[in-house]
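**Q**
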Amino acid sequence: MSKHNLKVKLALAWEHSDEYKATVTVTTTDTCYHAGALKVGLPPHTEGTGLVEYLSFDFTHEGNECGQIVRDVSKSITVKIPSVKRSVTAYAVVNGQVAGEAGAPLPKKATHAAK
Numbered sequence: 002m003s004k005h006n007l008k009v010k011l012a013l014a015w016e017h018s019d020e021y022k023a024t025v026t027v028t029t030t031d032t033c034y035h036a037g038a039l040k041v042g043l044p045p046h047t048e049g050t051g052l053v054e055y056l057s058f059d060f061t062h063e064g065n066e067c068g069q070i071v072r073d074v075s076k077s078i079t080v081k082i083p084s085v086k087r088s089v090t091a092y093a094v095v096n097g098q099v100a101g102e103a104g105a106p107l108p109k110k111a112t113h114a115a116k
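Numbering (the numbering used here), first residue to last: 2 to 116.
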């Protein structure tokens, strides 16, 4: 079990075709968390299902003198998601360990109706 337990939020917006903008927000609890890359794919040692697209937001946690400051760290990524996928799950990963997750259904694609 990971010693890190972070709150994760996931927001999805359809852009065009099969592309969606995913914004992952992770609430860190001290100053020793450092955000890395947000990328498509499962974290290490995690199994998934074919109906879900997975995102991993990497963090490192270094040092012992950590100021207890809560802050939200957000990153966005544009993801091409095939129509067979039904939802997205985003993981916060700290030093290679899953520290939190959030899921959301894929938003409906907009139809260009008259305004």
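Ideal Cβ positions, reconstructed from N, Cα and C, are used throughout, including at glycine. Here the structure is a predicted model, which is why all the values come from computation and not from measurement.
Under a Cβ-count criterion, where at least 16 other Cβ atoms within 10 Å of its own Cβ denotes burial, should A23 be classed as buried or exposed?
**A** It counts as buried.
**Q** In chain order, what residues of the same chain have a beta carbon less than 6 Å from the beta carbon of A1, not counting five sequence neighbours either side?
**A** With the chain covering only 2 through 116, there is no way to say anything about residue 1.
**Q** Taking only runs of the beta strand (DSSP E) that begin and end inside the stretch 15-79, which ones reach a length of at least 3 residues, in chain order?
**A** Whole beta strand (DSSP E) segments, 3+ residues: 20-29, 34-41, 53-62.
**Q** Helix, strand or coil for L107? Go by DSSP, reduced to three states.
**A** Residue state, collapsed to three classes: coil.
**Q** Express the C-alpha separation of E20 and L56 in angstroms, rounding to a whole number.
**A** Going from the Cα of L56 to the Cα of E20 covers about 14 Å.
**Q** Please work out which residues of its chain come closer than 7 Å, Cβ to Cβ, to A111, disregarding the five sequence neighbours upstream and downstream, and give them in chain order.
**A** Cβ within range, chain order: W15.
**Q** Only counting the same chain, and skipping five residues up and downstream in sequence, which positions put a Cβ closer than 7 Å to that of G68?
**A** Excluding residues within five positions, the ones whose Cβ falls inside 7 Å are D31, T32.
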